[in-house]
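Numbering (this note's numbering), first residue to last: 994 to 1034. In what follows, a single structure is set out as structure tokens and then discussed.
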Amino acid sequence: KAEVIKNLLSSNKFSISEIAELADVTVEFVKQIEAEKAKGK
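As structure tokens, this is what we get:
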């Protein structure tokens, strides 16, 4: 799921809440993935 979320974040077509809904995860989880992605992981 993390990989899917990273791809959705990269596309910049969806808001964090939309990504959370699409991936069936919490908004907090999406924000956590986004933070990791920003660190270059």
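Beta carbons are placed, not taken as given, at the ideal position from N, Cα and C, and that holds for glycine.
Could you pull the start and end residues of the alpha helix (DSSP H) that residue i belongs to?
i: threonine 997; result: The displayed chain sequence assigns valine, not threonine, to residue 997. Here the alpha helix (DSSP H) through valine 997 covers 995 to 1004.
i: glutamate 1010; result: Residue identity check: residue 1010 is serine in the sequence provided, not glutamate. Start and end: 1009 to 1016.
i: lysine 1032; result: Neither: lysine 1032 is in no alpha helix (DSSP H) and is coded neither H nor E.
Please confirm whether residue i and residue j have their CB atoms less than 8 Å apart.
i: valine 1023; j: alanine 1013; result: yes
i: valine 1020; j: isoleucine 1009; result: yes
i: valine 1018; j: lysine 994; result: yes
Can you give me the Cβ contacts of residue i inside the same chain, cut-off strictly under 6 Å, excluding the 5 residues immediately before and after it?
i: glutamate 1027; result: Leu1002
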